[in-house]
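K.L.:
One structure, as structure tokens, below. Some questions next.
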Amino acid sequence: MLYIVWALPALIVIALLASGRASTLIAAIIGLVVAIVVALSTAPGEFQLYDGASALLRGAWIGWIVVPYILGGLLFWQMAIRPGDAAMPVESLQPNMQARRRLLFAACFLIGPFSESATGFGVGIVGTMLLLRRLDLQPVYLMALSLLSQTMILWGGMGNGTIVAGAFSRTDPTALAVNASFFQIALNALWLPLYWRMAERAGVVASFREHLSEIMWLGGSILLLIAATQALGPEVAMLCAYGPIIVLRYLVDERPDSQQLLCAISRMAPFAILIGWLLVSRLLSPLNELLQQAGRLEPFVGAPAWSPLFHAGTWLGVGAVLSAFSYGHVSSLGAQVAAAWKTGRLAVLAIMIFSMMAELISSSGIAAALGEGMNSTFGRGAITCLALISAMFGALANSGNAANGLFMASQVSLAREAGLNVAAVIALQHTAALALNLISPVRMSIVCSLTGFRGREGAIYRAMLPFAAAVVAVLLMGSLMITHRVL
């Protein structure tokens, strides 16, 4: 009975989201209130009001760390691309089948993930759909293929989910992202043939040679991304790796003349300058040290520190302001700030609340106790059960932070209790929390709203079902490999 009481915060949040009777924010608030009551009244050890307040403050701090990524990313994206402009200059593509196919691949697997990495929360769908509209696809395929911009969500929103997951699991975010890359490779290996099948059904066919080309481009991009993550960390890895790849792809596909090239350089200059600065700030040791130490705040041991001049979110905001001046859009800056807050406020508040709930459950000892209980009940199957629950919960909440906040500590406890590879379990949990966001109800509503086909979610879910099945297959295989100590 006590285990059920300890699980109440997670169970109530899941039930509220699954019923559709409460938004993510309302469900999070209710879950936090329940977590406070449960922690103060039934914690396994001594847990007083002071301990609860300390856990809540620590959770709020962890949540705050990612706020600049969200708001700065949204604002920068709006000011840098300018209203109505696409994410890449592809207007000169000729309407032949090879050009159509190359635009489709670049939009789904390169440009979409790149734009998602700068903002997160499904914004990459918008840039992808802007490009795919030129292919005159049927609405269901237009919506389904636009969702593929979310396949690299591990690095979405400047890697904020990975940074928060690292804080929850008390591990280094860079090591976590690199470890989770193993599962990302497996997912893309299954998703790419499914993409080929969907593209063919949509009427954008490709030769065997083009398939090999796509394998090379995607495989090379992922390998470069993993190397960039190892060298630079998850927050800027996607921008620094995929930015040059997109430029190279544009040059190969377009073969632009000097005028077209100058136009492309002008349009993409804000991204190039920002990426260049972030790259320099990470690679030059003296500059890196200076930026990290200037104004550094670290109020909680083991929680992420905040260095305002090193934080990528700060420079996203600076880039937005400079873009506004450069393009003569200063008058719209206030409205765009308000729009960024309106778009991101629910995500900001939900992340803060879920972070507070996670710290409360972890600090009170409830997460560890639940892990021990599940291990004794389900044995090796406990890791698999929690991974699948996390995947479903992450999709419902449209946030890996929510799922990791509720289940990461329990997964870590399970791994230690069973003597498994803790780093691999953390990577599996993080992948599970994010991977099914590809078909989250929120992202489904985004694509339906953008195309004006509200009420067609059922058709898109059917189209995306094979991609979801691939996620489940990777999670099952990964959990089996971990429990049998292959990983």
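-11 is the number of the first residue of the sequence shown in our numbering; add one for each residue after it. Where is the CB? At the ideal position from N, CA and C, for every residue including glycine. Fair warning: this is a prediction, and the values are worked out from it, not measured in the lab.
#1: Who are the near neighbours of L337 in its chain, counting only those whose CB is closer than 6 Å to its CB and skipping five residues on each side?
#2: Any idea what DSSP makes of L285, helix, strand or coil?
#3: Would a C-beta distance cut-off of 9 Å place S269 and F298 closer than the cut-off?
#4: List the residues that DSSP assigns as beta-bridge partners of W294.
#5: Hey, which unbroken runs of the alpha helix (DSSP H) at 4 residues or more fall wholly within the stretch 126 to 182?
#6: Name the two residues that bound the continuous alpha helix (DSSP H) containing R255.
#7: State the Cα-Cα distance for the pair L63 and I434, rounded to the nearest angstrom.
#8: Since V427 and Y449 are thought to touch, with beta carbons under 8 Å apart, how far apart are those beta carbons, to the nearest angstrom?
#9: How is the alpha helix (DSSP H) around A194 delimited, first residue to last?
#10: Where does F441 fall in DSSP's three states?
#11: Can the beta-carbon of M380 be found less than 9 Å from the beta-carbon of L44?
#12: Drop a sphere of 10 angstroms on the beta-carbon of L176, count the other beta-carbons inside from all chains shown, and report buried for 16 or more, exposed for fewer.
#13: Shortest alpha-carbon distance to V152 belongs to which of P274, I341, L178?
#14: Please state if the CB of S378 and the CB of A391 are separated by a distance shorter than 9 Å.
#15: Using 10 angstroms around the beta-carbon of G283, count the other beta-carbons present and answer buried if the total reaches 16, otherwise exposed.
#16: E79 by DSSP, collapsed to three states: which one?
#17: Spatial neighbours of W(-6) within its chain, please: CB distance less than 6 Å, with the 5 preceding and 5 following residues excluded, ordered by chain position.
#18: If you drop the 5 nearest sequence neighbours on each side, which residues of the same chain put their C-beta closer than 8 Å to that of I18?
#19: What three-state label does DSSP hand Q417 in the structure shown?
#20: Can you look up M(-11) in the DSSP assignment and give me helix, strand or coil?
#21: Pick helix, strand or coil for G388, following the three-state DSSP scheme.
#22: Between the Cα of G149 and those of Q218, T439, M204, I339, spot the shortest distance and give me the residue it belongs to.
#23: Should M67 be labelled buried (16 or more other beta-carbon atoms within 10 Å of its own) or exposed?
#24: Report the rounded CA-to-CA distance for G100 versus W179, giving the unit in angstroms.
#25: Using only CA atoms, which one of W294, F395, L98 lies nearest to G231?
#26: Restricting to Cα atoms, I'd like to know which of Y129, P222, I141, S169 is closest to M186.
#27: Please confirm if the stretch 30 to 49 is in contact with the stretch 272 to 283, defined as three or more CB-CB distances below 8 Å between the two stretches.
#28: When the Cα atoms are used, what is the spatial distance from L125 to T365?
#29: For V459, is the classification buried or exposed, using 16 other Cβ atoms within 10 angstroms of its Cβ as the cut-off for buried?
#30: According to DSSP, is D241 part of a helix, a strand, or is it coil?
#31: Exposed or buried, what is N84 when buried is set at 16 or more other beta-carbons lying within 10 Å of its beta-carbon?
#32: Could you tell me the distance, in whole angstroms, from the CA atom of A421 to the CA atom of P429?
#33: Do W143 and M226 have their C-beta atoms within less than 9 Å of each other?
#34: Going by DSSP in three states, D39 sits in which element: helix, strand or coil?
#35: Using 9 Å as the threshold, is the C-beta distance between A174 and V462 below it?
#36: Would you call the CB atoms of I349 and L408 closer than 9 Å?
P.N.:
By the coordinates alone:
#1: L13
#2: strand
#3: yes
#4: L285
#5: 127 to 134, 144 to 157
#6: 246 to 271
#7: 19 Å
#8: Correcting the residue identity first, residue 427 is Ile in this sequence and not Val. Going by Cβ atoms, the distance from I427 to Y449 rounds to 7 Å, so yes, they are a contact pair.
#9: Run containing A194: none; DSSP gives neither H nor E here.
#10: coil
#11: no
#12: Here the sequence assigns Asn to residue 176, which means Leu is not the residue at that position. By the 10 Å Cβ count, N176 comes out buried.
#13: I341
#14: yes
#15: exposed
#16: Residue placement at E79 is poorly supported in this model, since its pLDDT is 46, which falls under 50; the coordinates are not used for a value here.
#17: I354, L358
#18: I0, V1, L4, A10
#19: helix
#20: coil
#21: helix
#22: I339
#23: buried
#24: 15 Å
#25: L98
#26: Y129
#27: no
#28: 50 Å
#29: buried
#30: helix
#31: exposed
#32: 15 Å
#33: yes
#34: helix
#35: yes
#36: no
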